[in-house]
Amino acid sequence: MRSVLLAMLAIALSACAARAPREALPAIEGAPSEHQDARVAAIAALPAWSMSGRVAVSNGKDGGSGRIEWKQSGPRYDVALSAPVTRQSWRVTGGEGEAVLEGLSGGPRTGPDAGELVFEATRWRIPVESLADWLMARTHRDGRLHYGADGRVDRIDEAGWVVTYADWRRPEGGSIELPGRIEATQGEARVRLVVDQWGLE
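Each residue of the sequence shown is one higher than the one before, counting from 1 in this note's numbering.
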């Protein structure tokens, strides 16, 4: 089953590095924690958000990459990953203690934790529910924030994961700053995301 997912994740990792550099946002004026608190409050007020981009995963032995589409509405998520070359895809949906994984042989898998469903089926360690917060550069439960020289979050330590951020930007037509590159690592497990587009509602 893992070989199916490897075939699906056929886009080369180098594609994640093929982006033209963006103009950096100016450094934060004032206390970084106050800027972060205001940013998190603005995110919490959103009824929904979405992102599309590229994801690369590794478990220390195998790795691959593909396209990712993430839609979040409150605690509910709908995450689709696909490889255009092989036309393979899988999807995980859920929230509030329930999750469904579709697209693998044997039919849909259900359980209370999306990350565990993905791991049991594929051996990829992807903390889906935590990533919903980490994508927005905020802690999931009790993580620790670290700020960079520009006053923005550049790392979160939480639940044994280290999440790093780069390429901060303001989505077109929006005022909330969001990262363009996110990397989460725990031991040999690694999830790397490159955002092509944010959607804020």
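In this text, a Cβ means the ideal position worked out from N, Cα and C, and glycines have one as well.
This one's a predicted model, so the numbers in the text were calculated from it and none came from an experiment.
If the five residues before and after Ala80 are omitted, its C-beta is found closer than 6 Å to the C-beta atoms of Glu69, Arg91, all from its own chain and listed in chain order. With a contact defined as Cβ atoms closer than 8 Å, Val194 and Arg181 qualify at about 6 Å. If only complete runs of 4 or more residues are kept, the segment 113-142 shows the alpha helix (DSSP H) at 114-122, 128-134, in order along the chain. Looking at Gly64, Ala137, Ala48, the one whose alpha-carbon comes closest to that of Ser73 is Ala48.
Residue pairing by DSSP puts Lys71 in a beta bridge opposite Ser50, Asp78.
Going by DSSP, Ser33 is part of the alpha helix (DSSP H) stretching over 32-44.
For Ile156, the uninterrupted beta strand (DSSP E) run begins and ends at 153-158, by DSSP.
Straight-line spacing of the CA atoms in Ala114 and Gly97 works out to 9 Å. Between the segment 147-154 and the segment 28-45 there are three or more inter-stretch CB-CB distances shorter than 8 Å, so the stretches are counted as touching. Taking the Cα of Asp78 as reference, the smallest distance to any Cα among Val128, Ala42, Ala44, Asp167 is reached at Val128. Ile176 carries a coil assignment under DSSP once its states are collapsed to helix, strand and coil. Listed as beta-bridge partners of Ile182 by DSSP are Tyr165, Leu193.
Three or more beta-carbon pairs separated by less than 8 Å link the segment 37-54 to the segment 130-138, which places the two stretches in contact. 8 Å or more divides the Cβ of Ile176 from the Cβ of Leu145. A straight line joining the alpha-carbon of Pro108 with that of Gly95 spans about 16 Å. The criterion of a C-beta distance shorter than 8 Å is satisfied by Ser82 and Arg67. In the three-state reduction of the DSSP assignment, Ala27 falls in the coil class, being assigned neither a helical nor a strand state. In the three-state scheme derived from DSSP, where H, G and I count as helix and E and B as strand, Ala56 is classed as strand.
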